[in-house]
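Enquirer: Starting off with a structure, shown below.
Number of protein chains: 2
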Amino acid sequence: MTPSEGIERFIRPDLITFGGYSARKSPETLEGKVEVPVENIIKLDANENPYGCSPRVNQALATCSDLSIYPDNGQARLRELLEGYAVVNAKHIVAGSASNQLIDLVLRLFISKGDEVINCVPTFGIYRFSTELCGGTLVEVPRDENFAVNINAVKAAISGKTKVIFLANPNNPTGTITPQPDILELVDTGLPVLVDEAYYEFSGQTIVPLVSQYENLMGLRTFSKWAGLAGLRVGYGLFPPKIADYLLKIKIPYNVNVAALVPCRNR
Amino acid sequence: MTPSEGIERFIRPDLITFGGYSARKSPETLEGKVEVPVENIIKLDANENPYGCSPRVNQALATCSDLSIYPDNGQARLRELLEGYAVVNAKHIVAGSASNQLIDLVLRLFISKGDEVINCVPTFGIYRFSTELCGGTLVEVPRDENFAVNINAVKAAISGKTKVIFLANPNNPTGTITPQPDILELVDTGLPVLVDEAYYEFSGQTIVPLVSQYENLMGLRTFSKWAGLAGLRVGYGLFPPKIADYLLKIKIPYNVNVAALVPCRNR
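Below, the structure written as structure tokens:
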């Protein structure tokens, strides 16, 4: 059957061959398939925190009284709480159901079909996934033999269709740090630059204090790694206020679940 | 400043004037603005369950040991658990961060820029929101004076660009039920028909047992209403297996948080 027949004739043509995302296996899917009992499996392939989260998270969830109420769609209290942690004014902050959702949201804001996204490979797989899901074209710029970003090559890859430059810093999976002057050279192109700082708490390096100085510099953070909350799905981004306002408008309503707010309220 | 200047020149042109979603206010945003203390506010405008969720949800969250681990991206165990509740084979099921996310996901699968979505107004606002976010065009077919769907008018509104027909059943906010023969008349057009059964547990009427018989009939359910879990963000859809496979491939990885799985595991 070709896509022109059956239900597939209604599906977006570019999604018929979409490859999806190659996710790490969860322990529960290995139950009975490996000799180790599921409760003894220690996952090491998704950079989850091996110490788990604070026991105070479970304690706070035990008494959480608003599981039946929609979270505030405007994230007012959550953005205030994150302001204290990120040391950036709340007007710059948008929270997401982990940074995966924010990566997708940023791309939905900028990418029309055929627009280009520059990606410094090898790097985190979600950038490719969401670019293709948004109908964009991924332009891959290989890192050098030390996995450093080749800034000149990135600048040479910019075209009239380029809308976003992605940079994981430190990079996943290579651990490489891109120096701040190199990042600012990309910001000086004027193009939206998204710096994914999922591992900031381990590297100590960040562009976040600079976000208020540029109209095109964006940072992403997550609670999945350092806080041991990969399962709760909570992350946040730091954006120029104009971009933050657009993102708040286009995000799916009530995107951050109430349980994910609990650790932020009780830290 | 016009959109051709500044950062807005990189934003999707159709999103510059995007209206967003008009969400209900959460109690926390009213703190200090009304005379009632926040803990005494009873929300009635978003159809949350006034009795809250089962106290067993908090008990189970108190001992949940996998908050630090990514949920299974393929939702294998969750789909099995939902199979038992929905009485539909797991291959038909896709779970989401509540049905808002599934509505958006279905539209992302079918809608390219300029495609049309038929909406029977007045109805739930998310259908408009996600159609416009996906670059689609909403074709509104007014309900009659009793808020019944005018099936002939819907069929007359179908064009070569129509990709999805939406139907909330019972309808939100009118409570109107569309009889099953009318729904099947729409299904017989061959177009993808999405029946949103968010209030199924209150109406008792459902198309879900028919999902396995058609390649274009889809149903949506949520735990936000009957189960009092609006804050946890968990819902599911019933789809023809071919559509379910596509949706699982294009959904944001790890889309259902671990806390939202807890009530499903412990029911």
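Protein sequences, first through last, are from chains P and C. Quick note: the first sequence uses our numbering, first residue -8, plus one each step. Quick note: the second sequence uses our numbering, first residue -8, plus one each step. Heads up, the beta-carbon is just placed ideally off N, CA and C, and yes, glycines get one too.
(1) Which residues, in chain order, does the segment 150 to 162 of chain C contribute to contact with chain P at a C-beta distance below 7 Å?
(2) Residue 227 of chain P by DSSP, collapsed to three states: which one?
(3) Just the C-alpha distance for residue 84 of chain P and residue 211 of chain P, rounded to the nearest angstrom, thanks.
(4) Buried or exposed for residue 76 of chain P, please, with buried defined as at least 16 other CB atoms from any protein chain shown within 10 angstroms of its CB.
(5) 7 Å is my cut-off, CB to CB: does residue 20 of chain C come that close to chain P?
(6) Closer than 8 Å is the cut-off here; do at least three beta carbon pairs connect the segment 4 to 20 of chain P with the segment 11 to 28 of chain C?
(7) Here's the rule: buried if 16 or more other CB atoms are within 10 angstroms of the residue's CB, otherwise exposed. What is residue 169 of chain P?
(8) Please state the DSSP three-state secondary structure of residue 187 of chain C.
(9) Quick check on DSSP: helix, strand or coil for residue 104 of chain C?
(10) So what does DSSP say about residue 210 of chain P, is it helix, strand or coil?
(11) Spatial neighbours of residue 64 of chain C within its chain, please: CB distance less than 7 Å, with the 5 preceding and 5 following residues excluded, ordered by chain position.
(12) Assuming residue 108 of chain C and residue 102 of chain C make a contact with CB atoms under 8 Å, what is their CB distance in whole Å?
(13) Measuring alpha carbon to alpha carbon, tell me which residue in P/222, P/126, P/237 is nearest residue 58 of chain C.
(14) If we cut at 7 Å on Cβ distances, does residue 3 of chain C have a partner in chain B?
(15) Applying the 10 Å Cβ sphere with the 16-neighbour rule, what's the burial state of residue 121 of chain C?
(16) Starting from the C-beta of residue 194 of chain P, find all residues in its chain whose C-beta is less than 7 Å away, skip the five residues before and the five after it, and write them out in chain order.
(17) If distances are taken between C-alpha atoms only, which option among P/196, P/249, P/202 comes closest to residue 225 of chain C?
(18) Any C-beta of chain C within less than 8 Å: which residues of the segment 54 to 84 of chain P qualify?
(19) Which parts of the segment 17 to 55 of chain C are runs of the alpha helix (DSSP H), unbroken and 4 residues or longer, counting only runs that do not cross its ends?
(20) Where does residue 3 of chain P land, buried or exposed, given buried means 16+ other C-beta within 10 angstroms?
(21) Hey, does residue 45 of chain C have any beta-carbon neighbour from chain P nearer than 7 Å?
(22) Give a yes or no on whether the C-beta atoms belonging to residue 180 of chain C and residue 188 of chain C are separated by under 7 Å.
(23) With 7 Å as the threshold, decide whether the Cβ of residue 171 of chain C is near any Cβ in chain P.
(24) Excluding the five sequence neighbours on either side, which residues of its own chain have a C-beta within less than 7 Å of the C-beta of residue 150 of chain P, listed in chain order?
(25) Return the chain-ordered list of same chain residues with a C-beta closer than 8 Å to the C-beta of residue 51 of chain C, the five sequence neighbours on each side being excluded.
(26) I'd like to check one pair, residue 183 of chain P with residue 82 of chain P: are the Cβ atoms closer than 7 Å?
(27) With distances taken Cα to Cα, identify the nearest neighbour of residue 157 of chain C among C/136, C/114, C/125.
Expert: Once the coordinates are examined:
(1) 154
(2) strand
(3) 10 Å
(4) exposed
(5) yes
(6) no
(7) buried
(8) strand
(9) coil
(10) strand
(11) 244, 245
(12) 7 Å
(13) P/222
(14) Here chain B cannot be found, since the structure's protein chains are P and C.
(15) buried
(16) 161, 168
(17) P/249
(18) 54, 55, 56, 57, 58, 59, 60, 61, 62, 63, 64, 65, 67, 68
(19) 46 to 53
(20) buried
(21) no
(22) no
(23) no
(24) 107
(25) 253, 254, 256, 257
(26) no
(27) C/114
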